[in-house]
Amino acid sequence: MLERLKSNSKIFFLLTFFLKGLALYLFWVLLYEGWLINTKFVNSTLIRHLVDTNQVLLDFFGFTTFSNGETIGIDGSHGVFIGDPCNGLSLFALFTGFIIAFTGKIKYKIPFIILGILFIHLLNVVRIFALTLMSKYAPEVLDFNHKYTFTYFIYTIIFLLWMLWVKKYAQKE
5 MLERLKSNSK IFFLLTFFLK GLALYLFWVL LYEGWLINTK FVNSTLIRHL VDTNQVLLDF
65 FGFTTFSNGE TIGIDGSHGV FIGDPCNGLS LFALFTGFII AFTGKIKYKI PFIILGILFI
125 HLLNVVRIFA LTLMSKYAPE VLDFNHKYTF TYFIYTIIFL LWMLWVKKYA QKE
């Protein structure tokens, strides 16, 4: 049966991709639920970086800001709370998992993953910056943009990064 699967390269590719993806997903769940969520180091470090970076950016643009742990805001607003689901870690894992599961040479995968994670993190900084402005100047649209606009935007960008990988780097020698 294995020989028959190998002879149909498309089915073998899809099955291999699916099994790698499933294995990576299970690895991620075990890593996150079993260790990362308990230590809180990675989550809290990412959140602290997002808060600090946005405070610097907002201050640079002349806003009077406040921060309190996981919250960043402009004076006169409630601010934006950055919880674990909003720090981008699961997006990093999703992006990385796809690149690892798909074909391609490791010498291209590693820099692509690193640059992709940095780009996704930068987009998250911009997202939180925009949400912080909304919390001050247009709080009525904050919830919608947080739940829908930015979610759609970031997943579209991740999909486009995947397509870039598939089209440009996956088969590169």
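If you're matching positions, the sequence shown starts at 5 in the numbering used here and goes up one per residue. Glycine is no exception: its CB is placed at the ideal position from the N, C-alpha and C atoms. Note that the structure is predicted; figures quoted are calculated from it, not measured.
Here Trp169 is buried: its Cβ has 16 or more other Cβ atoms, across all protein chains shown, within 10 Å. In this structure, Leu50 keeps its C-beta atom at 8 Å or more from the C-beta atom of Gly101. For Ile162, the uninterrupted alpha helix (DSSP H) segment begins and ends at Phe154 to Leu168.
With respect to the 8 Å criterion, Ile121 and Phe96 are classified as neighbours on the basis of their beta carbons.
For Ser71, the enclosing beta strand (DSSP E) covers residues Thr69 to Asn72. Shown here for Val55: same chain residues with a beta carbon closer than 6 Å to its own, the five before and five after excluded, namely Ser71 and Ile76 in chain order.
Burial check for Ser139: the Cβ neighbour count within 10 Å reaches 16 or more, so the residue is buried.
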